[in-house]
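K.L.:
Starting off with a structure, shown below.
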Amino acid sequence: MLHLIIDGYTAYRLRLQDVALIENLVLRTINFLGMHLAMGPYTQAFGPPGAGVTSSAVITTTAILMESHIIIHTFPEAGRIFLDIATCQDPKTVDIGGVVLLWQEGLGLMPMVFKKILRGVELDMLVAQQDALRFGMN
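Per the working numbering, residue 509 is the first one in the sequence shown, and the count goes up by one each step.
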């Protein structure tokens, strides 16, 4: 499983409150990666009680995919966005650069930091080691 973590900053803070823009970028990411939407995207704004979407509202968007999930958290007041994209696709076939560019262009993100995490790799190694010890295959 591939887990892509992207942290970004934008001076265009109002874009981080634009629910339609964020949801559109989520759908474009799903399409770009050839994944399939199972539920969502769902967006919730969190701010002062009863204030709705304000300059201090934090927005969280989630999409449940047949291949895993996408979760977005925006912090407009700080100009920050945090993306969490997980997929069961073969990590070698995922165009990470294309995903980064899509979000960079869509929100004017600069700078950005991203990490690619291959989930389960260490666990597979531990299981293999335990099996080797258990069955005397060292």
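Idealized CB from N, CA, C, for every residue including glycine.
Only a predicted model underlies this, so the values are computations on that prediction, with no experimental measurement involved.
Within 10 Å of its beta-carbon, does Arg627 have 16 or more other beta-carbons around it, so buried, or fewer, so exposed?
P.N.:
It is exposed - the Cβ of Arg627 has fewer than 16 other Cβ atoms within 10 Å.
K.L.:
Rounded to whole angstroms, how far is the Cβ of Arg523 from the Cβ of Leu529, which I believe are closer than 8 Å?
P.N.:
6 Å
K.L.:
I'd like to know whether the C-beta of Glu531 is nearer than 8 Å to at least one C-beta of chain C.
P.N.:
Protein chains in the displayed structure number just one, and chain C is not present.
K.L.:
Would you identify the three-state DSSP class for Ala528, choosing helix, strand or coil?
P.N.:
helix
K.L.:
If the criterion is Cβ atoms closer than 8 Å, does the pair Thr595 and Ile580 meet it?
P.N.:
Not a contact, by the Cβ cut-off of 8 Å.
K.L.:
Can you look up Ala519 in the DSSP assignment and give me helix, strand or coil?
P.N.:
coil
K.L.:
Give the range of the alpha helix (DSSP H) segment to which Ala640 is assigned.
P.N.:
629-642
K.L.:
Answer with buried or exposed for Glu575, where buried requires no fewer than 16 other C-beta atoms within 10 angstroms of its C-beta.
P.N.:
buried
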